[in-house]
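**Q** Can you keep this structure in mind? I'll have questions shortly.
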Amino acid sequence: MSMNTRHVYAAQGLILAAFVGTLEYLARSGTVGRITLVPPSEMGTTLVDLLVSGEITGDIWQTFSVVLGAFSLAVLVGIPVGWALWQSAELKEILDPFIIAYYAIPVFVFYPLLLVVFGFNRLPILLIAFAMGVVAVVINTANGFEAVDQVYLDVGRAVRLSRYQRFRHIALPAALPYVFTGLKLGFIYSLIGVIASEFILAGSGLGYLISNYYTTFNTAEMYAVMLFVTIVSVTTNQTLLRIEGKLYQHRVNA
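All residue numbers for the sequence shown refer to the working numbering, where the first residue is 1253 and numbers rise by one.
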């Protein structure tokens, strides 16, 4: 670890400590009422209690099974479609209006239709989360392949690499940083889609718990669940960053 990296981590740690310390002071001093904010230390102990008691285990499974399903589907669909957009200018021209419309229309406007078609179950939640995650994967994958230097591809043709070999050894490694950006965004958007949908569409799950704890004034439990979601999100993002770094290092050493 370089000295510069240590300084970055130290600065990040100080900012986080200052933020948490400020919240702790505001809550314990009574500057902010308990109904609005509880001390971060209490959020942590409440989360541990909820996990140890198993009270939220079923809801964790409900939420993250759907997140994993939506994210996996977004990856399985998004990467091939992003590659296809790079390969076909005609396909890109056809799909561009739909991609633009995606950003103009909130996905949640379709949830009444999904409820009518699929019923009051978790499939509409999965589809909403998939719709939120897949476009990020598609766009970043397409941008990654489009950023590949044409000179490298021409050299690949000159040395008679097959189309698959040019993809495997030139295009894909060059596009990986963009692809991983799409994966990180796709996971976050899928998680947001599930949590937000559970506020209004579900009778279980972490989103439902947050909403229920809020309406019943269980502030500590509400923040504890929010803390858990934040920890999982940050951990997943850091894991993807580490995988990306290892793949990049492998590519450099190869």
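For glycine and all other residues, C-beta sits at the position ideal for the given N, C-alpha and C.
Under a Cβ-count criterion, where at least 16 other Cβ atoms within 10 Å of its own Cβ denotes burial, should Arg1435 be classed as buried or exposed?
**A** The identity of residue 1435 in the sequence shown is Leu, whereas the question assumes Arg. Its Cβ being crowded by 16 or more others within 10 Å, Leu1435 is buried.
**Q** Measuring alpha carbon to alpha carbon, tell me which residue in Ile1312, Glu1276, Ser1414 and Asp1311 is nearest Pro1292.
**A** Among Ile1312, Glu1276, Ser1414 and Asp1311, the Cα nearest to that of Pro1292 belongs to Glu1276.
**Q** Less than 8 Å between the CB atoms is what I'm expecting for Thr1315 and Val1446, so what's the real figure, rounded?
**A** That belief holds up - the Cβ atoms of Thr1315 and Val1446 are roughly 6 Å apart, short of 8 Å.
**Q** In the DSSP assignment, the alpha helix (DSSP H) including Thr1467 goes from what residue to what residue?
**A** Element bounds for Thr1467: Leu1458 to Thr1467.
**Q** Please state whether DSSP places Arg1415 in a helix, a strand or coil.
**A** Here Arg1415 sits in helix by DSSP.
**Q** Please report the residue range of the alpha helix (DSSP H) in which Gly1434 lies.
**A** Here the alpha helix (DSSP H) through Gly1434 covers Leu1424 to Leu1453.
**Q** Return the CA-CA distance between Ser1442 and Phe1451, expressed in angstroms with no decimal places.
**A** Going by the C-alpha atoms only, they are around 15 Å apart.
**Q** Return helix, strand or coil for Pro1364, following the three-state DSSP convention.
**A** In the structure shown, Pro1364 sits in a helix (DSSP, three-state: H, G or I).
**Q** Do you know how far the Cα of Arg1280 is from the Cα of Met1478?
**A** Taking the straight line joining both Cα atoms gives about 20 Å.
**Q** Please classify Ala1262 as buried or exposed, where buried requires at least 16 other C-beta atoms within 10 Å of its C-beta.
**A** Classification for Ala1262: exposed.
**Q** Beta-carbon within less than 7 Å of Phe1432's beta-carbon, same chain only, minus the 5 sequence neighbours each way: which residues are those?
**A** Result list for Phe1432: Leu1492 and Glu1496, in chain order.
**Q** Could you give the C-beta distance for Tyr1430 and Asn1392, rounded to a whole number, given that I count them as a contact under 8 Å?
**A** That belief holds up - the Cβ atoms of Tyr1430 and Asn1392 are roughly 5 Å apart, short of 8 Å.
**Q** With the cut-off set at 8 Å, would you say Gly1438 and Ala1388 are in Cβ contact?
**A** Yes, they are a contact pair.
**Q** Reducing DSSP to helix, strand and coil, say where Arg1409 ends up.
**A** Arg1409 falls in the helix class under three-state DSSP.
**Q** Just checking, does the stretch 1390 to 1406 make contact with the stretch 1335 to 1350 on the three C-beta pairs under 8 Å criterion?
**A** The stretch 1390 to 1406 vs the stretch 1335 to 1350: in contact.
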